[in-house]
Amino acid sequence: MFSDELQKQVSEGKVRVDGSKDVLTMALGPEHPGRLRGVGAGISPRQYFNLPKPQRVSFDDRLKESLRVLLQEETKKMEAKARKRP
1 MFSDELQKQV SEGKVRVDGS KDVLTMALGP EHPGRLRGVG AGISPRQYFN
51 LPKPQRVSFD DRLKESLRVL LQEETKKMEA KARKRP
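Under the working numbering, the letters of the sequence shown match residues 1 to 86, in that order.
As C-alpha cells, then:
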C-alpha cells in the first residue's frame, strides 16, 4: 500500500516531512489552489494561519542599505587606522 511505502521511506530518512510537506499531504496529494484542506474554498494558508504578507523591498531601499553597510565598514577601517597612528 502507498502509505506503508511512504512510512518506510520516512523512517529511513529518504523523505523529509515538515510544514506543508507532511505525510498526510504526500499521501493525499497537493491541495487545489485557493483551498486549505479541511477548511474549504476561499481560505488560503496565509489567511488561516494569520501569516504576514511578504514585504517587497524597492531597489532604492536595497541600494540605500548596501551603501549604509559599506559606509559603516569604511568608517571602521578609517577609525582603526587613526588609532594606530601616533
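Virtual Cβ for every residue (Gly too), placed ideally from N, Cα, C. On a predicted model such as this, the values are computed, not experimentally measured, just so you know.
Cα-Cα separation between residue i and residue j, rounded to whole angstroms
| i | j | result |
| --- | --- | --- |
| R37 | A27 | 13 Å |
| R55 | G29 | The question names Arg, yet the displayed sequence has Gln at residue 55. Near 30 Å, if we compare the C-alpha coordinates of G29 and Q55. |
| K64 | Q72 | 12 Å |
| R62 | L70 | 12 Å |
| K84 | L67 | 26 Å |
| E5 | P45 | 28 Å |
| G13 | D22 | 13 Å |
| K81 | L51 | 47 Å |
| E31 | T25 | 8 Å |
Neighbourhood of residue i by C-beta distance below 7 Å, restricted to the same chain and skipping five residues each side
| i | result |
| --- | --- |
| V39 | Y48 |
| K8 | none |
| I43 | L36 |
Bridge-paired residues (DSSP) for residue i
| i | result |
| --- | --- |
| G40 | L36 |
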